[in-house]
Ligand SMILES: Nc1ncnc2c1ncn2[C@@H]1O[C@H](COP(=O)(O)OP(=O)(O)O)[C@@H](O)[C@H]1O
Ligand code: SF4
Ligand SMILES: [Mg+2]
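Residue numbers (the working numbering), protein chains in the order written: chain A, 3 to 350; chain B, 103 to 453.
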């Protein structure tokens, strides 16, 4: 199967933070927020990135847009490795690589008008005359469904959903090809989340955008993603086609996440083994499989050896990779999807 | 310049706080009076008419006595001139300021040095000090020195504190670490001792004027501002609106001056009255101890010292004490009101 060249190819990316102490702030430990992540993203594709809060999703996103300097690994964006580029060389590339933040109240400067906020990208890159910039702002506001008069008002005059539209318009200003969406609807009311998600999907179709869609909410990511990566303690533990992930989750962690999705008609008994133990700290990640302290199937091998991300489906099927030493039968795992899935299972 | 809606709101709230806003208006009024002191309290005439010509001696050159028909070459005594012109009935006249005495002038030349009680008939509304100088004149010119000193103090402390604190918070790393240690050590130096040493080390004849004094005091006062600026910059830098600007390609200059500083500035304004009060306080204290402005520069600290040394002439200490307390109370009221108007917990419009 020949696929188009990926727009983004992340290989073995690590972003570690030194944990400092003492008066000379010596590094006393390392927080391995992102610890060896690899994936590809195709043009026009949406890759969902899910995981509990604190597993390193934002750190991964911020490393890709180089708000953070990665410790190791490569980030090939349209063939150029961003991991080691300096600020000056990054600047022209930033036009094509943008980010949408979780909380628009935080990501919009409260002292600037919407017009100033949307004009900033053009000013930074020296694009257009003042008049052309004003016209571009009008177009952007049209695109995200805000009235043009919004340009003269301040962010606080808008509702949460409208503010996120302003954030989206800013990210669109320079006609990017890839947008990192870091929990773009998590701060919004449930009632308007779908409007903003639909806007993102419309814009994707119109401009052929690629999204890395970060969220802790599996229910949201199902809607918008072509493929989904599940992240745990700085690593990707499962990466597959979106449909396949929900239909045949292979990693115990993924199954637990899916089991935890609130359902329209709650069943009386929802198994929730994920309740055993909190998210371990990325400062001292457990040896072996990072999930073993919470995994009901952990063996000595799991406690010793970290499992690599390996392909589990045959060549004819869409890729489905999982980082687990075992091919676990769904039956072995309490999952609300367990029963109907049993006969389809190929895992042995 | 267009004020942001927060700034407008803060301004409105400040105006609605009667006590603080009233104090602010009074302080502005008094400051204007002090800046125009020569027109109100001075031994130079406002206007002289002599042989058909008009003279405005207030801000002009010194007129020797000969210019107006006296027989001496030093500066005219305008009060005497006024009396003489009045006696001559020759169409010449002199218009003196409200209080016709200068701050450094011995108003009773040739008479005993002794404090004289308030005497409205002679225009000494607050009396004179022990060397016959008018106290109201010394208060007003002393206030002006305090104001100039505070203005210089605030500008310099803010400039240094913002520059260094911002750089520490923004760039972090070794620069931050090194500066933090330097600031800590620097703030441990005993201020008064250094002032005494600097004064002693000055070559004889060098005057320890407003500028040098300001420099020494600021050298010890800037550190407090860096602590605040450092943490405020650090906090703002980690917020997403800065990240958003950086993702768009904004460099450090743009991020600092376009995003971070404007967001901190409103908090800095709330410090302004307290910084001013600190400046007036330290100048007065230094003058009181005799390490401040050189004599005969009028100053409140010097007046306080003279007053406490001459308690049998209570009008000296009473004038200085009341003036100082009044100004500090005004500034405190203003500071309270600004703080209330700017309270971040109240002015954060969403969250
Ligand atoms: N700038 C930083 N310095 C130190 N540790 C950080 C920093 N940013 C994130 N971390 C740590 O990295 C881990 C992952 O954080 P984050 O990427 O924000 O998680 P998520 O977005 O998945 O909730 C957390 O343990 C967090 O404490
Ligand atoms: S490798 Fe072991 S501990 Fe890790 S998920 Fe698989 S079974 Fe559980
Ligand atoms: Mg996050």
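We treat Cβ as the ideally placed atom computed from N, Cα and C, and that holds for glycine.
For residue j and residue i, the rounded distance between their alpha carbons
i             : j             : result
residue 428/B : residue 58/A  : 58 Å
residue 208/B : residue 176/B : 15 Å
residue 254/B : residue 316/B : 7 Å
residue 308/A : residue 171/A : 42 Å
residue 178/B : residue 172/B : 8 Å
residue 319/B : residue 261/B : 14 Å
residue 316/A : residue 322/A : 9 Å
residue 152/A : residue 121/A : 13 Å
residue 270/B : residue 408/B : 45 Å
residue 67/A  : residue 56/A  : 19 Å
residue 239/B : residue 170/B : 25 Å
With 16 other Cβ atoms within 10 Å as the buried cut-off, status of residue i
i             : result
residue 275/B : exposed
residue 159/B : buried
residue 251/B : buried
residue 223/B : exposed
residue 123/A : buried
residue 243/B : buried
residue 25/A  : exposed
residue 526/B : Residue 526/B lies beyond the residue range present for chain B, which begins at 103 and ends at 453; the question has no answer from this structure.
residue 213/A : buried
residue 214/B : exposed
residue 50/A  : buried
Reduced DSSP secondary structure (H/G/I, E/B, other) of residue i
i             : result
residue 321/B : helix
residue 303/B : helix
residue 111/A : coil
residue 370/B : helix
residue 253/A : coil
residue 41/A  : strand
residue 323/A : strand
residue 342/B : helix
residue 236/B : strand
residue 329/A : coil
residue 223/A : helix
residue 172/B : coil
residue 155/A : coil
residue 195/B : strand
residue 218/B : coil
residue 131/B : helix
residue 204/A : helix
residue 351/B : coil
residue 227/B : coil
residue 160/A : coil
Per DSSP, the bridge partner or partners of residue i
i             : result
residue 34/A  : 18/A
residue 181/A : 100/A and 213/A
residue 50/A  : 215/A and 230/A
residue 166/B : 177/B
residue 23/A  : 28/A
residue 372/A : The shown model of chain A, from 3 to 350, leaves out residue 372/A, and the question about it has no answer.
residue 155/B : 152/B
residue 241/A : 231/A and 323/A
residue 79/A  : 10/A and 82/A
Contact with chain B by residue i, beta-carbon distance below 7 Å
i             : result
residue 15/A  : no
residue 91/A  : no
residue 186/A : no
residue 273/A : Confidence at residue 273/A is low in this model, with a pLDDT of 47, below 50, so the placement of that residue should be treated as unreliable; the coordinate-derived value is given next. By this cut-off, residue 273/A is not an interface position.
residue 111/A : yes
residue 213/A : no
residue 20/A  : no
residue 103/A : yes
residue 69/A  : yes
residue 96/A  : yes
residue 2/A   : Residue 2/A lies beyond the stretch modelled for chain A, which goes from 3 to 350, so this question has no answer here.
residue 156/A : yes
7 Å Cβ cutoff, residue i in contact with chain A
i             : result
residue 320/B : no
residue 351/B : yes
residue 399/B : no
residue 449/B : Confidence is the limiting factor: at residue 449/B the pLDDT is only 45, short of 50, which leaves the residue's position unreliable, though a coordinate-based value still follows. No, residue 449/B does not count as interfacial toward chain A.
residue 92/B  : No answer is possible for residue 92/B: the residues shown for chain B start at 103 and end at 453.
residue 106/B : yes
residue 343/B : yes
residue 346/B : yes
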